[in-house]
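Beneath this line is the structure, given in C-alpha cells, with notes to follow.
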Ligand code: AMP
C-alpha cells in the first residue's frame, strides 16, 4: 500500500514523500481511511508506530476539502498529556501547514498566558495543546469551540491518568457533538476510564487495535542486569557508557534528585550529559530537550517525564538505571529507541528495590526474563524469593545484599529465576500472565487543577 492510495490531496502526498516515507505504517493504513470516511475512532498502537501522521493527514485533508463551520473558531484541536509531546506533534503538523493558508498554534501550560491570548485572537485553524491550559483559556472566553470539526486526543489514557478528565469533559462539552468528529488514541484500550470516556465523547466509534498495546517491540534488544545497590548500578552504568556504541542515550532514574546527581557524576567524567526533571521551569525544559534533540548532548538523564511519545531519532540506547514504578512506563521508556523500524538497545538494572517493578514488567511482557552478566561486575543479589514479592516486601528499605544468599534463597532463585551465565540475552523461557495495571506516575502535574 502507498500513501497515494488514500485519495489524499497531492500537496499532502508531496510532503509525505519529501519526508522520505514510502509506505504507510499499520496504524496509518487503518486509521487514515476510517478517519477520512468521517468515523470517530478509538485506536491503540505501539509506541513509535507513526500515529501522529495517522491523525494529522486526515485532519488536513478534511480542512482542505470542507468549508469551515465558523470563520473564527478553531477547526481542529489536538490534545496531548505533556508539553514535550505537544511540541512534537506541532512540529510534524507545521511541516504540512507551512505552505498552506492554515494557521496552527501551540498552547502549553507553563508558558506566558497573555502571549497565548494574543495568539488565540488570530483565529488559528489548528490548536495543539495540553488540556489544563487550553481549558483555562476556554473558561475565560479567549476562544470558542462551536465551529470545531475535529477533536483529537493523543495518549488519552495518560491524560486521564494525569487527572485531566475534568478539562477534557469541559473541552468536549464546549464543542458541538453533532458536527464534530473525534479521534481518540491510547497506548492501551484495556483501560476502564478510557472506555468510559470514549462512551462520553465518541459516536459509534471504529475500534482499531494494532497488535497488543504492549506487544514486543522486536527492534529493541532488551537486556537485564542484577545490581546489588547504588554503587553497583553506577559501576554498571560506567561500564555500559564505555562498552556500548550509541549515538545518544537516555538514562531513566526513579527520582528527580537522582537525575541531577547522575548527570553531574557523568559530567565530572567529561561525558556530555544533561539532566531533565519536572521541577525545572518550562523554558529550561524546552532548552534541554531542544539541545538534546539537536545532538548538543549525548546523554539525557531523566525521570519518566521523557518516557512517552517523544521522537528522538538518534537515541539508540536506553538505560533503566532504576526500574519504573509502573510497568507500562517500561514500554514507553524503551520505545524512545527503535523508532519507526530502526534498531535500539535497552538495558535495565534490577536491584532489591526494583524487584517488584521488575516482576510487574515481566508480567506485562508475558515473559520470564533472564539476566545477563558483565564479567567482573557480577554482584550477590540474585532476586527475591517469590513469597517475598509483595507490596509489603517491596517497601522493606534495607534489604541486605552484602551477604551471600543462603542456600535456601539460592535454591529458590535457581528454581524460579534463570540467571544467565554468559553476557548477553537469554531466551524467553515461559509465558506468564500480566499483573495488575497501575496508574501512571504524575511527573508533570503542574497543569492539573
Ligand atoms: P509517531 O508514532 O507518530 O511518534 O512516529 C514515530 C516515527 O515514525 C516518527 O519519526 C515519524 O516521523 C516516523 N514515521 C511516521 N510515519 C512513517 C512512515 N510511514 N514510514 C516511516 N516512518 C514513519
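Residue numbers (the working numbering): 13 to 461.
Backbone N, C-alpha and C fix where the C-beta goes; we use that ideal spot for every residue, glycine too.
Here the structure is a predicted model, which means the values were calculated and not measured.
Review point. Once you ignore the five residues that flank residue 193 on each side, which residues in its own chain have a CB closer than 8 Å to its CB?
Key: For the purposes of this step, residue 193 is identified with residue 181 of the chain shown, where counting begins at 1. So the qualifying residues of the chain are 47, 50, 51, 52, 74, 161, 162, 163.
Review point. Taking buried to mean at least 16 other C-beta atoms within 10 Å of its own C-beta, is residue 133 buried or exposed?
Key: Numbered from 1 along the chain shown, position 121 holds the residue referred to as residue 133. Counting Cβ neighbours within 10 Å, residue 133 comes out exposed, since fewer than 16 surround it.
Review point. For the candidate residues 99, 89, 255, whose alpha-carbon lies nearest to that of residue 120?
Key: Numbered from 1 along the chain shown, position 108 holds the residue referred to as residue 120. Residue 120 has its Cα closest to that of 99, out of 99, 89, 255.
Check your understanding: At what residue ranges does the region 78-103 contain a whole run of the beta strand (DSSP E), taking only runs of 3 or more?
Key -> 88-91
Practice item. Pair every Cβ in the region 176-194 with every Cβ in the region 143-156, then say whether three or more of these pairs are closer than 8 Å. Key: yes
Exercise for review: Give the single residue among 19, 45, 60 whose Cα lies nearest to the Cα of residue 343.
Suggested key: Residue mapping note: residue 343 aligns to position 331 of the chain shown, counting from 1. Of the candidates 19, 45, 60, the one whose C-alpha sits nearest the C-alpha of residue 343 is 60.
Exercise for review: State yes or no: is the C-beta of residue 362 within less than 8 Å of the C-beta of residue 348?
Suggested key: As a first step, residue 362 must be located in the chain shown, where it is residue number 350. As a first step, residue 348 must be located in the chain shown, where it is residue number 336. No, the Cβ-Cβ distance between residue 362 and residue 348 is not below 8 Å.
Point to revise | Assumed close pair residue 239, residue 248 - CB separation to whole angstroms, cut-off 8 Å | key: For the purposes of this step, residue 239 is taken as residue 227 along the chain shown, with counting starting at 1. For the purposes of this step, residue 248 is taken as residue 236 along the chain shown, with counting starting at 1. That pair is a contact at about 6 Å.
Practice item. Within the same chain, show all residues whose beta-carbon is closer than 6 Å to that of residue 19, passing over the 5 residues directly before and after it, in chain order. Key: The residue given as residue 19 occupies position 7 in the chain shown. The answer is none, since no qualifying residue turns up.
Point to revise | Spatially closest choice to residue 485 from 101, 293, 210, 316, by CA coordinates | key: Look at the range of the chain in this structure, 13 to 461, and you will see that residue 485 is not part of it.
Practice item. Starting from residue 377, trace the alpha helix (DSSP H) both ways and give me its first and last residue. Key: Residue mapping note: residue 377 aligns to position 365 of the chain shown, counting from 1. 367-377 is the span of the alpha helix (DSSP H), which, as asked, contains residue 377.
Review point. Mind checking whether the beta-carbon of residue 33 lies closer than 7 Å to any heavy atom of the ligand AMP?
Key: Translated into positions along the chain shown, residue 33 becomes position 21. Yes, the beta carbon of residue 33 sits closer than 7 Å to at least one heavy atom of the ligand AMP.
Check your understanding: residue 286 and residue 303 look like a contact to me (Cβ under 8 Å); what is the Cβ gap, rounded to whole Å?
Key -> As a position in the chain shown, residue 286 is number 274, starting the count at 1. As a position in the chain shown, residue 303 is number 291, starting the count at 1. Right, their Cβ atoms sit about 7 Å apart.
Check your understanding: Since residue 233 is in the beta strand (DSSP E), which residue starts that stretch and which ends it?
Key -> Position 221 of the chain shown, counting from 1, holds the residue named residue 233. Start and end: 232-238.
**Study point:** Local conformation of residue 325 per DSSP, three classes
**Key:** The residue labelled residue 325 in the question sits at position 313 within the chain shown. Coil.
Check your understanding: What did DSSP end up calling residue 207 once you bin it into helix, strand or coil?
Key -> Mapped onto the chain shown, residue 207 falls at position 195. It is helical.
Review point. Between which two residues does the alpha helix (DSSP H) containing residue 388 stretch?
Key: Within the chain shown, the letter at position 376 stands for residue 388. Here residue 388 belongs to no alpha helix (DSSP H), and DSSP marks it neither H nor E.
Review point. Who are the Cβ neighbours of residue 135 in its own chain at under 6 Å, not counting the five residues just before and after it?
Key: One-based indexing of the chain shown puts residue 135 at position 123. Excluding residues within five positions, the ones whose Cβ falls inside 6 Å are 84.
Review point. In three-state terms, what does DSSP make of residue 221?
Key: For the purposes of this step, residue 221 is taken as the residue at position 209 of the chain shown. Of the three classes helix, strand and coil, the one that applies to residue 221 here is strand, per DSSP.
**Study point:** Among 207, 378, 251, 69, the one whose alpha carbon lies nearest that of residue 389
**Key:** Position 377 of the chain shown, counting from 1, holds the residue named residue 389. With distances taken between CA atoms, residue 389 lies nearest to 251 out of 207, 378, 251, 69.
Review point. Under 7 Å from any heavy atom of the ligand AMP, does the C-beta of residue 325 make it?
Key: By one-based count along the chain shown, residue 325 stands at place 313. Checking the Cβ of residue 325 against the ligand AMP gives yes.
Practice item. Measuring alpha carbon to alpha carbon, tell me which of 215, 198, 314 ends up nearest residue 184. Key: Here the question's residue 184 lines up with position 172 in the chain shown. The residue with the shortest Cα to Cα distance from residue 184 is 215.
Practice item. Could you check the C-alpha separation between residue 207 and residue 217 for me, to the nearest Å? Key: Numbered from 1 along the chain shown, position 195 holds the residue referred to as residue 207. Numbered from 1 along the chain shown, position 205 holds the residue referred to as residue 217. About 11 Å.
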